[in-house]
Amino acid sequence: MKRKKITIGLFGFGCVGSGLYEVLQLTPKLNASVKRICVKNPTKERSLPPENFIFDPSMILNDDEINVVVELIDDAEVAFEIVKAALMHGKAVVTANKKMIACHFEELLFLQHKFRVPLLYEAACCASIPVIRNLEEYYDNDLLVSVEGIVNGSTNYILSKIRKEKSTFKYALGEAQRLGFAESNPDLDIKGLDAKYKLVLLLAHAFGLVVKPGDIYNLGIDRIGNAELEYAEEKGLKIKLLAVAARNSHGNIQAFVLPAFIEPEDKLYSVEDVFNGVRIMSCFADSQFFEGRGAGSHPTASAVISDISALSYGYRYEYKKLDNDEVLQDQHSVHLKLMIRCNKEILHDVMDYFLWVDEYKLTNNEGYVIGITTLKTVSSILEQYPESSAILFDDQRDVKFPADVRLKNIAIHE
Ligand SMILES: NC(=O)c1ccc[n+]([C@@H]2O[C@H](COP(=O)([O-])OP(=O)(O)OC[C@H]3O[C@@H](n4cnc5c(N)ncnc54)[C@H](OP(=O)(O)O)[C@@H]3O)[C@@H](O)[C@H]2O)c1
């Protein structure tokens, strides 16, 4: 099949945009070239001469020779306006902006359908790992059980640095920003929002579920304290930020983002630094694991290039699974085994929210409870007590518990 010639209008020339430009120079076979680059700041120093840059989006959107818009800016709302206009002008779009897609999924589906133009976004989820197209194509017929993993490179980098080098949280975050792994607004990473936006994309391509970011519970890594780090070290566990989409025992889909204790036997345990790891469980293929760079200039650009190449052969997502009639379980009713750390004074009150307690511990000023509770409880405790935190025990999800044995079998350490 002959490739279509691709003439690109590029928005953004930061970490990913400049990486894409460099990678494109090294892939001449692609028959793709950048005609114009639109950026924001006219006074910024750049690696290319000033005549390469424009500041007016309409010079790309109204240029009939440009058949593909590549959107790589860091402002999700402006990005949506650009992508919307590009699709309405009949231009195919490649983007890496998960927040923009997750917050406008339904409108973007509608625009693709109405204007009959493709929108591809492999780089938006796990950067260099080809998970979206695999879910869309390869796992088209196999019955998926779960898609879960470490989908945010900067939080994994921060957690690895804290554990290996005993760095402070602030220092590790600064390093992630300096190396271009973190989002311009670091809250998107450390509060688990970026992982949640990616989970919205995974849910659509794995299960055909179109949900809003607000439908998914997210907790980031910014509340993790010494007690959890010490517990992990003592038990030989690691803490990782997990995004989970999994079918529960009733057949509904559960989805959440939580920091989790990971066992050494788990493949996610050895996924370190800026790497991402995604495990896909399906009925027929069983467990499969993808690992790769989840952020950074060239790794992210590699996924953008792959989408550009796919467009040159006329590829588009077909969203076949949208007719599957799957149901997302209400986030508040999800039962999980968790550790909740809180002030000593409120520990017994917190314990009352648990349906089952395995263990609790009190030290000078604080303590923790380990047991089974709902995400509703986690959300209300964390809202009431800002200094508290919660961590998932990943090996014991979708727990079933006998309600009448509540608070038996408690190991106490005081
Ligand atoms: N960095 C990663 O590892 C990574 C990985 C996966 C996905 N992504 C996604 O890729 C996108 C770009 O991230 P990045 O790290 O490359 O960001 P970045 O380094 O902060 O660069 C952002 C670029 O967007 C431009 N820009 C901002 N507002 C604009 C506007 N209104 N009009 C035109 N240009 C505008 C900026 O222009 P100026 O140069 O003039 O400031 C800059 O060139 C984001 O959606 C991010 O979530 C990033």
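So for the sequence shown, the numbering used here puts the first residue at 2; every next one is plus one.
In this text, a Cβ means the ideal position worked out from N, Cα and C, and glycines have one as well.
Bear in mind that the values here come from a model prediction, so they are computed numbers and not experimental data.
Confirm the yes/no value for this check: CB of residue 13, any heavy atom of ligand 1, distance under 7 Å.
yes
Can residue 38 and residue 11 be called in contact, C-beta distance under 8 Å?
yes
Could you tell me the distance, in whole angstroms, from the CA atom of residue 345 to the CA atom of residue 16?
In a straight line, the C-alpha of residue 345 is about 45 Å away from that of residue 16.
Report the option in 257, 212, 158, 324 whose CA atom is closest to the CA atom of residue 1.
Residue 1 lies beyond the stretch modelled for the chain, which goes from 2 to 415, so this question has no answer here.
Report yes if the CB atom of residue 36 is closer than 8 Å to the CB atom of residue 70, and no otherwise.
No. Outside cutoff.
Is any heavy atom of ligand 1 found at a distance shorter than 7 Å from the C-beta of residue 185?
yes
Which of helix, strand or coil does DSSP assign to residue 400?
Since pLDDT at residue 400 reaches only 46, below the 50 mark, its modelled position is unreliable, and no value is offered.
Considering only heavy atoms of ligand 1, does any lie closer than 7 Å to the CB of residue 74?
Answer for residue 74: yes, Cβ within range of ligand 1.
How close, in whole Å, do the beta carbons of residue 281 and residue 158 come, if the pair is a contact with beta carbons under 8 Å?
Not a contact, Cβ separation roughly 23 Å.
With DSSP run on the structure shown, which of helix, strand or coil describes residue 1?
With the chain running from 2 to 415 in the structure shown, residue 1 is simply not present.
Measuring straight from C-alpha to C-alpha, what distance separates residue 207 and residue 298?
C-alpha separation (whole angstroms): 27 Å.
State the Cα-Cα distance for the pair residue 88 and residue 307, rounded to the nearest angstrom.
Each residue's Cα considered, the two are about 20 Å apart.
Just to confirm, does residue 125 get its C-beta within under 7 Å of one of the non-hydrogen atoms of ligand 1?
yes
Measuring only the C-alpha atoms, how far is residue 413 from residue 218?
Residue placement at residue 413 is poorly supported in this model, since its pLDDT is 40, which falls under 50; the coordinates still yield a value, given next. Going by the C-alpha atoms only, they are around 30 Å apart.
For residue 288, count neighbouring Cβ atoms within 10 angstroms of its own Cβ and tell me buried if that reaches 16, exposed if not.
Flag for residue 288 reads exposed.
Following a CB-centred definition, is residue 10 positioned closer than 7 Å to any heavy atom of ligand 1?
no
Quick one: what does DSSP say residue 414 is sitting in, helix, strand or coil?
Low local confidence applies: a pLDDT of 41 at residue 414 is under 50, so the model's placement there is unreliable, with the coordinate-based value given in what follows. DSSP places residue 414 in strand when its eight states are reduced to three.
Assuming residue 134 contacts residue 149 under a Cβ cut-off of 8 Å, what Cβ separation, rounded to an integer in Å, is found between them?
At roughly 18 Å, the Cβ-Cβ gap does not stay under 8 Å, so residue 134 and residue 149 are not in contact.
Report the three-state DSSP secondary structure of residue 6 (helix, strand or coil).
In this structure, DSSP gives residue 6 a state outside helix and strand, which the three-state scheme calls coil.
Return the residue from the list 94, 169, 50, 63 that minimises the CA-CA distance to residue 312.
Minimum Cα distance to residue 312 is reached at 94.
Is residue 385 buried or exposed, if buried means 16 or more other CB atoms sit within 10 Å of its CB?
exposed
Hey, would you say the C-beta of residue 103 is under 7 Å away from at least one heavy atom of ligand 1?
False, no ligand heavy atom lies under 7 Å from that Cβ.
In whole angstroms, what separates the C-alpha of residue 425 from that of residue 230?
Nothing can be reported for residue 425: it is not among the residues displayed for the chain, which extend from 2 to 415.
Is residue 175 near ligand 1 - that is, is its Cβ less than 7 Å away from at least one heavy atom of it?
False, no ligand heavy atom lies under 7 Å from that Cβ.
Apply the 10 Å Cβ neighbour rule to residue 48 and answer buried if 16 or more other Cβ atoms are within range, or exposed otherwise.
exposed
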